[in-house]
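Sequences listed follow chains A and B, in order. Going by our numbering, the first residue of the first sequence is number 6, and it counts up by one from there. Going by our numbering, the first residue of the second sequence is number 36, and it counts up by one from there. The beta-carbon is built from N, C-alpha and C at its ideal position, and this holds for glycine as well.
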Amino acid sequence: MLKRIIVIASFALLSHGAQAGLNILACEPEWASLTQELAGDLVRVTSATTARQDPHHIEARPSLIARARNADLLVCTGADLEIGWLPLLQRESGNARIQPGRAGFFEAAAFVRLLEQSGRADRAQGDVHAGGNPHLQADPRNLLKVGGALAQRLAQLDPANAAVYAARNQDFQKRMSAAIARWEKEAAGLRGVPVVVHHKSWSYLADWLGLKVVADLEPKVGIEPSVSSLSALLERLKTQPARMILRTAYQSPKPSEWLAERAGIAALELPYSVGGSPAAKDLFGVFDETVAKLKGGLK
Amino acid sequence: MFKRHLLAAALACALPTSALAVTDADLAALRAEFDRKLKDIQAAYEDRLKEMETRLVKQSGESPETAQAVPRPGNTGAAVASANPELSLILQGVYAQRKAGERRPTGFLQDAGIGAPARGFSLGDSELILAASIDPSFRGQATVVLADDAVVVEEAWFQTSSLDHGLTLKGGRFISGIGYQNEQHPHAWDFTDNNLMYQTLFGEHLVQDGLQLKWLAPTDTFVELGVEIGRGGAFPGASADKNGAGSWAAFGHVGGDVGESNAWRAGLSYLGARPRDRESPLIDISGIDTNNLFSGKAKIWIADLVWKWAPEGNPRARNFKFQAEYFQRDEDGDLACDDADPLVPSLCTGGSTDAYRGKQSGWYAQGIYQFMPHWRVGLRYDRLNNDSLDYGVNNANLARTGYHPNKWSLMADYSPSEYSRFRLQLARDHAMQGNPDDSQIGLQYIYSLGAHGAHKF
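Here is the structure:
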């Protein structure tokens, strides 16, 4: 029995070692997509979550632990977004490469300016992230910064292909910068438009496009809205009107639809991440659709 | 830093005067040089202070509500520094309504430390948990349970984080990896009380003083193998005043996903212990309490299965969890039976020792359904089987029935947030023969303060 286990184990280890390229586990689909942009077929990348899953509330499922075990690199958001499950994956994986502080653990939040850094974590205020808002991928300018840092990290882990990562990054930066300029032009009419958000998922998008966030469906951060909190919000909107309500693909449509119907404004489900809608096939698709939907919401 | 400069200055002053061959000119030159350096340092400090002050003013001018982008201090890679060490405190309390008396499963040797469950208002275990990375190679955690007359070290362990190759070594006092529910702390239980299986086998759960080595296979399917050696001082072991190990455990777990919405884990575990003079209460044929000391071998097999469903892998709004475990316990050795209370003589008065062989089994199954955000309901069934019991000559003294202890529990809980939970539980407890239709009502609160406690699957 034991002999057989050892034989199977060593075979599995060898076959793993023989695999070409880095094995990368992204915490969220946007980082899987970004990695794909920078590395193409040189790496094998999968995402631990989908755009229809709330990255705050994922279980440390056995399948995820098994994937973390085999990963050469974890690409995550950081800023405590994954604190409910990622530390468990790292601890249970028996994989030294992806531990905090190692090159195999990449956190996007370390390379951008985080919004809403309060430094305070009083839970009377809800489930706040004291270190700042982690939903940073909603501003494509952050993707440029994270992309640059990730390309460097890939080169560090796989020096043989460093030139490829650098070249692909340059190409990505060029295409993304051009796209950002195009989106900003298209979205010029959105500047100053008052919106209601469901969770602080849209702070970076609002910051980028100049949307004015007048209210949050959540009475406290991370606390789901109730009928009474929505009714109070409806009253508030009478004196401080908004044009639309924004939610992600993973949030329940009920609260925003309830409020939209009564306030007579649009409720928009934006893709939030890659795979959040059929059109959001890559990072460019996410913002193409986001900008188009926001413009549609103005009509 | 500034102190060090002062010290250097003091030395600089002291040295020249103590040296004999120093001229006044030398001294004056040194003094001048020292004064100049001191002024430089002061100037540098004042500049830095001014810079810090202006930065502070700038930051305080920007209230968090204005959502201004503030550059992160030290954008060099580390995540937002969570508190180190992570500190959390669990507060629990129960109101229980039930008949007075013991609830021991009839015919089962169990830990003598388990008393009659409290009635009325009672404070549950307050757990204080401290955890942190010790250095790049180790992580440590201590869980201290604060009770009225005792502080119990429930866990105090280190764990490696850099062995690699899927290996993790844990040492100290830790909760054993056998079974499924074993590794869950009481605050993570889905019912106000323990299931009969774990209560009978381990009291609360099996805690080892020893070492655990786990290996995770490099496969896409989750395959985890583990072995443990321990002191074996706690039930089903006892009084391990000896060299070497008093208990051994081995376990294997496999798991995976089925589609996007389902995840599962199944396992098989073995525990062996060699207790000496392990104390358990039993009743004699006439229903009088006896005290029993068991010395011999205890072997336990556990099979476990957990299945979780969440629509599209998103458990926030709705989810379902099914969990079931089965055990077989085989105990072989000597049992010394005597009176539990000298004033209430039993059939074992004066002491009666003979061979004991017990083969017992049991299982529980439970389902928990969260049907909307914040609200869950659950149902659990517990059952124990006295497959074969042989007390030797004590067969004439101790009750040896074919009774199968069982229990039904129904619960509903409400969690206003991730950190608070209120629970109502109704139970029909048939663990003890002669206590049929014992209806129990329990009300419980659980609060967790401090660090996010990431719960295992």
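Buried versus exposed call for residue i [16 or more other C-beta atoms within 10 Å across all chains shown]
i	result
Phe237(B)	buried
Arg196(A)	exposed
Phe156(B)	exposed
Phe406(B)	exposed
Ser172(B)	exposed
Gly280(A)	buried
Asn119(B)	exposed
Arg23(B)	One cannot answer for residue 23(B) here, as it falls past the ends of chain B, which runs 36 to 492.
Ile169(B)	exposed
Glu240(A)	exposed
Cβ-Cβ distance between residue i and residue j below 9 angstroms
i	j	result
Glu347(B)	Gly214(B)	no
Asp367(B)	Thr384(B)	no
Gly265(B)	Ser211(B)	yes
Val169(A)	Gly45(A)	yes
Asn430(B)	Ala375(B)	no
Leu165(B)	Leu181(B)	no
Leu414(B)	Gly402(B)	yes
Trp283(B)	Ala308(B)	yes
Ala333(B)	Pro316(B)	no
Gln41(A)	Asp293(A)	no
Leu260(B)	Ala101(A)	no
Gly272(B)	Arg313(B)	yes
Ala466(B)	Leu424(B)	no
Ile335(B)	Arg364(B)	yes
CB contact check: residue i to chain A, cutoff 9 angstroms
i	result
Trp192(B)	no
Leu246(B)	no
Lys442(B)	no
Phe257(B)	yes
Ala177(B)	no
Ala167(B)	no
Arg174(B)	yes
Ser387(B)	no
Val289(B)	yes
Gly201(B)	yes
Gln303(B)	According to the sequence displayed, residue 303(B) carries Leu and not Gln. Judged by the 9 angstroms Cβ criterion, Leu303(B) is not in contact with chain A.
Gly348(B)	yes
Asp292(B)	yes
Glu189(B)	no
Tyr454(B)	yes
Min CB distance residue i to chain B below 9 angstroms
i	result
Asp221(A)	no
Ile70(A)	yes
Gly152(A)	no
Ile228(A)	yes
Glu97(A)	yes
Gly89(A)	yes
Asp176(A)	no
Gln58(A)	yes
Glu383(A)	The structure shown does not extend to residue 383(A), since chain A is modelled only from 6 to 304, so the question has no answer here.
Residue i in three-state terms, based on DSSP
i	result
Asp212(A)	helix
Trp342(B)	strand
Leu248(B)	strand
His203(A)	coil
Arg458(B)	strand
Leu239(A)	helix
Lys562(B)	Because chain B is modelled from 36 through 492, residue 562(B) falls outside the range shown and cannot be assessed.
Asp231(B)	Rather than Asp, the amino acid found at residue 231(B) in this sequence is Leu. Residue state, collapsed to three classes: helix.
Asp422(B)	strand
Phe143(B)	coil
Lys286(A)	coil
Leu445(B)	strand
His222(B)	helix
Gly477(B)	strand
Gly322(B)	coil
Whole-number beta carbon distance between residue j and residue i, since they are thought to touch under 8 angstroms
i	j	result
Ala235(B)	Gln145(B)	The sequence shown places Thr at residue 235(B), rather than the Ala named in the question. That belief holds up - the Cβ atoms of Thr235(B) and Gln145(B) are roughly 5 angstroms apart, short of 8 angstroms.
Pro60(A)	Thr54(A)	5 angstroms
Leu251(A)	Asp144(A)	At roughly 14 angstroms, the Cβ-Cβ gap does not stay under 8 angstroms, so Leu251(A) and Asp144(A) are not in contact.
Gly386(B)	Ala371(B)	6 angstroms
Ala193(A)	Val296(A)	About 10 angstroms; that fails the 8 angstroms criterion.
Ala220(A)	Ala247(A)	7 angstroms
Glu112(A)	Gly83(A)	3 angstroms
Leu119(A)	Gly136(A)	7 angstroms
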